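Participant:
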Amino acid sequence: MLKKKSESIIENINHIELSIKECGREKCSPIKHIFSYAKKWHVLHYIMAGKGTFVLNGKTYRLKRGHMFYIPPGFEAEYYPDPKDPWEYSWVGFSGLSASDYLKASGLSLNYPIFYDEEMVLGEHFLRLVEAYNHFGVLNIRSLGYLYVILSYMIEICSQKQNIAISIQESHVMQAIEFISYNYQFDISVKDIANSLNLTPNYLANLFKSQLGMSTKQFLTRYRMEKACELLEDESMPIKEVAKQVGYDNQLHFSNEFKKIMKLSPTTYRKKLKGEVVNG
């Protein structure tokens, strides 16, 4: 079984939309019986092989290869393998401002916590998510990328089956985030983001506020600071260059914005990454 390693600066960088809390893979013995305690995040288990039983909220589900079962935050669950054909599964636990919305769009809920991947497409993505964790030793952005692929596929399948469409407002926010991901390193403004969607800045800010709990400008700043944290791992890169790489020509402005988000200056953050003791 894979367990989350001890906390570090890198692991504690919270991504806004989704943030992975745990992941792993296990081939269970026939007698392994798990009573899962209530967690603060969502958990998905994907059955790679074998069979087993899942119990949630008083309901029992008999599952097999290709099934996925969902444990919502705050709920205990029970699950165990078939004694003659014990299951092997991968799992991922995650939270984030958009986690509930993505799961809802994929059709998963407390009342219907089962997803069936008839074509067995998701198995490879779960394996790569876990392998990325094994390789880097932390739940980084590569693992997060595989989680996005998994959720995207689930939403697509659910949409095909139930004709569920993402709302126009959600679509605008997702397109804005995509624009930011491609252009954050340039001197873009909120107006530029809104113009790319033919929307007014105020309207787009209201959409971000209602769906993500922050304005477009706040999201852009946090996104840039997360990228800056990754760049600061490279000790050979001057902080002035880090600032430019995330869209700031003025190093002082960058440092001030970084400290607002991370509660540390870029220099202090880099020292903590190296394990140096820092006062204040």
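Every position in the sequence shown, counted from 1, becomes a number in the working numbering once 6 is added. Ideal Cβ placement from N, Cα and C applies to all residues, glycine included. Predicted model, so just to flag it, every value in this text is computed and none were measured.
Assuming H131 is part of the alpha helix (DSSP H), what are its boundary residues?
Facilitator: Here residue 131 refers to the residue found at position 125 of the sequence shown. Where H131 is concerned, the enclosing alpha helix (DSSP H) stretches over 128–142.
Participant: Quick one: what's got a C-beta closer than 7 angstroms to V136's C-beta in the same chain, skipping five residues either side?
Facilitator: Residue numbering aside, residue 136 sits at position 130 when the sequence shown is read from its first letter. Contacts found: L8, C29, G30, R31, S96.
Participant: Under 8 angstroms, with one C-beta from each stretch per pair, do the region 220–238 and the region 246–262 reach the 3-pair mark?
Facilitator: Enough Cβ pairs lie closer than 8 angstroms, so yes.
Participant: Which stretch, first to last residue, makes up the beta strand (DSSP E) that contains R31?
Facilitator: As a first step, residue 31 must be located in the sequence shown, where it is residue number 25. Where R31 is concerned, the enclosing beta strand (DSSP E) stretches over 25–33.
Participant: Would you say the region 121–130 touches the region 63–74, given that touching needs at least three Cβ pairs under 8 angstroms?
Facilitator: Yes, they touch.
Participant: Quick one, are the C-beta atoms of Y108 and L218 less than 9 angstroms apart?
Facilitator: The residue given as residue 108 occupies position 102 in the sequence shown. The residue given as residue 218 occupies position 212 in the sequence shown. No, Cβ-Cβ distance for Y108 and L218 is not below 9 angstroms.
Participant: Would you be able to state if there are at least three C-beta pairs under 8 angstroms between the region 147–159 and the region 179–186?
Facilitator: Flag = no, the region 179–186 and the region 147–159 do not touch.
Participant: From the DSSP output, which residues share a beta bridge with T206?
Facilitator: Sequence index remark: in the sequence shown, residue 206 carries index 200 (1-based). According to DSSP, which records beta bridges pairwise, T206 is partnered with nothing at all.
Participant: Pull up the distance between the alpha-carbon of I22 and that of E236, whole angstroms please.
Facilitator: Here residue 22 refers to the residue found at position 16 when the sequence shown is read from its first residue. Here residue 236 refers to the residue found at position 230 when the sequence shown is read from its first residue. Taking the straight line from one Cα to the other gives about 15 angstroms.
Participant: Using DSSP bridges, identify the partner residues of R68.
Facilitator: Taking the first residue of the sequence shown as position 1, residue 68 is located at position 62. Per DSSP, T59.
Participant: Per DSSP, what kind of secondary structure is L83 in: helix, strand or coil?
Facilitator: Along the sequence shown, read from residue 1 onward, the residue named residue 83 stands at position 77. Contrary to the premise, residue 83 reads as Ala rather than Leu in this sequence. In the structure shown, A83 sits in a strand (DSSP, three-state: E or B).
Participant: According to DSSP, is L50 helix, strand or coil?
Facilitator: As a working note, residue 50 is residue 44 in the sequence shown. Strand at L50.
Participant: Would the region 155–167 and the region 201–209 be scored as touching if the rule is three or more Cβ pairs under 8 angstroms?
Facilitator: Taking 8 angstroms as the limit for Cβ pairs, the verdict is that the region 201–209 does not touch the region 155–167.
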